[in-house]
Amino acid sequence: MRCLNCGTEMMNNQVSTKNDLISYDMCEKCGSLWLDAGELDKMAFQVEGSIEYCSQEPVEEPEKQIRKCPRCDNSNLYPVRFLNETDIILHHCRNCGGFWLDGGELDLVDKELAKIMPVKGKGFSDFVNNVHVPYWYKRVKRKSSEIETRVEVLPIKGAKLERTTTDQCPACGKPLDEYTVFSMRFEGCPACKGVWLFKDELRRLKNKVEHGSMRWLNDEINNIEKTSAVATKRICPKCKNVRMVSVLFGKSSIVIDWCPQCHGMWLDQDEFDSVTEYLKDELYGMHSKEMEKKALDEVKLLWSGGPESRYEELLDVKATISALINATIFEHPTFVKLCLGAPRL
Ligand SMILES: [Zn+2]
Ligand SMILES: [Zn+2]
Ligand SMILES: [Zn+2]
Ligand SMILES: [Zn+2]
Numbered sequence: 025m026r027c028l029n030c031g032t033e034m035m036n037n038q039v040s041t042k043n044d045l046i047s048y049d050m051c052e053k054c055g056s057l058w059l060d061a062g063e064l065d066k067m068a069f070q071v072e073g074s075i076e077y078c079s080q081e082p083v084e085e086p087e088k089q090i091r092k093c094p095r096c097d098n099s100n101l102y103p104v105r106f107l108n109e110t111d112i113i114l115h116h117c118r119n120c121g122g123f124w125l126d127g128g129e130l131d132l133v134d135k136e137l138a139k140i141m142p143v144k145g146k147g148f149s150d151f152v153n154n155v156h157v158p159y160w161y162k163r164v165k166r167k168s169s170e171i172e173t174r175v176e177v178l179p180i181k182g183a184k185l186e187r188t189t190t191d192q193c194p195a196c197g198k199p200l201d202e203y204t205v206f207s208m209r210f211e212g213c214p215a216c217k218g219v220w221l222f223k224d225e226l227r228r229l230k231n232k233v234e235h236g237s238m239r240w241l242n243d244e245i246n247n248i249e250k251t252s253a254v255a256t257k258r259i260c261p262k263c264k265n266v267r268m269v270s271v272l273f274g275k276s277s278i279v280i281d282w283c284p285q286c287h288g289m290w291l292d293q294d295e296f297d298s299v300t301e302y303l304k305d306e307l308y309g310m311h312s313k314e315m316e317k318k319a320l321d322e323v324k325l326l327w328s329g330g331p332e333s334r335y336e337e338l339l340d341v342k343a344t345i346s347a348l349i350n351a352t353i354f355e356h357p358t359f360v361k362l363c364l365g366a367p368r369l
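The opening residue of the sequence shown carries number 25 in the numbering used here; numbering runs sequentially from there.
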């Protein structure tokens, strides 16, 4: 593994104490750290629960260049806001869950934790900072390349490869593979990690994520066919000689390629994640009044017969109503305290 900042070969450190073990990679020249999933929890100051959650949407930060995950073949590191709300921006890989910390960022993380939470211990931070540590700590140090592990990247996280196909990737021309995820089939490109979805599959696929909470958010998807489109050179993998067009997803900057003939769509690498992140933001940003209207619309669809099956529509109603309840709770915390029998403020 080479340092993403200065290109120096990273060193792997395996540190064991009486009852714990960590393996982390560090650049000894600039102090940058690579921490695999679970290692930040061990490395930083110890608090109740995991600290490895961040706001996933890319933070507005002028990036010099996109950094690639040192573990995953062809996966980007995204700037993320540590613990969602702090001013600390770390780099996170959605595929393997690892974190890249520039030199000094671990100290910032520790300081922040000490400020906002009760700290139970110092984790392994002292090791990185070369603070004197007890004699029963053992460290084995070697070049990162000696124990390099790679993590495979799939077009959609958690997908399983089923078979190869003869369809051609519209983005890079390689043959597409068939995968399954959430017991749904889709085609994806093993080289550029793009995803091909038939008409209506984006809607069905997004219904499966986040416990179905976004299943009723269909406006953007339904509107794709009406959105103004730009011609592309990409050829539909199913219609063979039809050129796809590019449309923007909702109010986002996510560009989706769409076939005007079969209505299938192509999402480049990470775009499915971006779509679900966008919908999640929409869900959390919605005011309860707006949601009430949506819930009512869903109930009407249930009786008038919407585009989905009756059972699916019923699930949509259920998801809208639970979103409405959540929004109400969020906007009226005192009301909820009353309901739970807590003393009034
Ligand atoms: Zn470095
Ligand atoms: Zn990764
Ligand atoms: Zn491709
Ligand atoms: Zn087509």
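No residue lacks a Cβ here, since even glycine has one placed at the ideal position from N, Cα and C. Only a predicted model underlies this, so the values are computations on that prediction, with no experimental measurement involved.
Quiz item: Which same chain residues, not among the five before or five after N29, have their C-beta less than 6 Å away from its C-beta?
Solution: Result list for N29: C54 and S56, in chain order.
Practice problem: Return the residue from the list V269, N265, C216 and T344 that minimises the CA-CA distance to G242. | Solution: The amino acid at residue 242 is misidentified as Gly; the sequence shows Asn. Closest in alpha carbon position to N242, among V269, N265, C216 and T344, is T344.
Quiz item: So N29 is in the alpha helix (DSSP H); what residue range does that whole segment cover?
Solution: Element bounds for N29: n/a, residue is neither H nor E.
Quiz item: For the putative contact between K42 and W160, defined by C-beta atoms under 8 Å, what is the C-beta separation to the nearest angstrom?
Solution: That belief holds up - the Cβ atoms of K42 and W160 are roughly 6 Å apart, short of 8 Å.
Quiz item: Where does H156 land, buried or exposed, given buried means 16+ other C-beta within 10 angstroms?
Solution: The residue is exposed, with fewer than 16 neighbouring Cβ atoms inside 10 Å.
Practice problem: With DSSP as the reference, label M289 as helix, strand or coil. | Solution: Reduced to three states, the DSSP call for M289 is strand.
Quiz item: Alpha carbon to alpha carbon, what distance is there between P94 and I75?
Solution: I75 and P94: Cα-Cα distance of roughly 21 Å.
Quiz item: Which class does D294 belong to by DSSP, given the choice of helix, strand or coil?
Solution: Shown here, D294 sits in coil according to DSSP, grouped into three states, outside any helix or strand.
Self-check item: E236 - DSSP class collapsed to helix/strand/coil
Solution: According to the sequence shown, residue 236 is Gly rather than Glu. G236 falls in the helix class under three-state DSSP.
Quiz item: Should K53 be listed as close to ligand 1, given that the test is whether its C-beta is under 7 Å from any heavy atom?
Solution: Relative to ligand 1, K53 has its C-beta within less than 7 Å of a heavy atom.
Quiz prompt | Contact test: C27 Cβ vs ligand 1 heavy atom, cutoff 7 Å | solution = Within the cutoff, so yes.
Quiz item: Which term fits W327, buried or exposed, when burial requires 16 or more other beta carbons within 10 angstroms of its beta carbon?
Solution: Under this definition W327 is an exposed residue.
Quiz item: Between K144 and the rest of its own chain, which residues show a CB-CB distance below 7 Å, the 5 nearest in sequence each way excluded?
Solution: Around K144: Q70 and V71.
Quiz item: Is R368 helix, strand or coil by DSSP?
Solution: Low confidence applies to R368: its pLDDT is 47, below 50, so where it sits in the model is not reliable, and the reading given next is rough at best. Here R368 sits in coil by DSSP.
Quiz item: The alpha helix (DSSP H) with V219 in it runs from where to where?
Solution: Element bounds for V219: not the alpha helix (DSSP H) but the beta strand (DSSP E), V219 to L221.
Self-check item: For F148 and E186, the rounded distance between their alpha carbons
Solution: Cα to Cα, E186 sits roughly 41 Å from F148.
Exercise. Could you say which of A351, A253 and P179 lies nearest to R267 if we only look at CA atoms?
Key: From the listed residues A351, A253 and P179, the smallest Cα separation to R267 is found for A253.
Quiz item: Helix, strand or coil for G375 per DSSP?
Solution: An answer regarding residue 375 cannot be provided, because it is not within the stretch 25 to 369 covered by the chain.
Practice problem: Name the one or two DSSP bridge partners that K165 has. | Solution: DSSP lists N37 as partners of K165.
Quiz prompt | Reduced DSSP category for T110 - H, G, I as helix; E, B as strand; rest coil | solution = In the three-state reduction of the DSSP assignment, T110 falls in the coil class, being assigned neither a helical nor a strand state.
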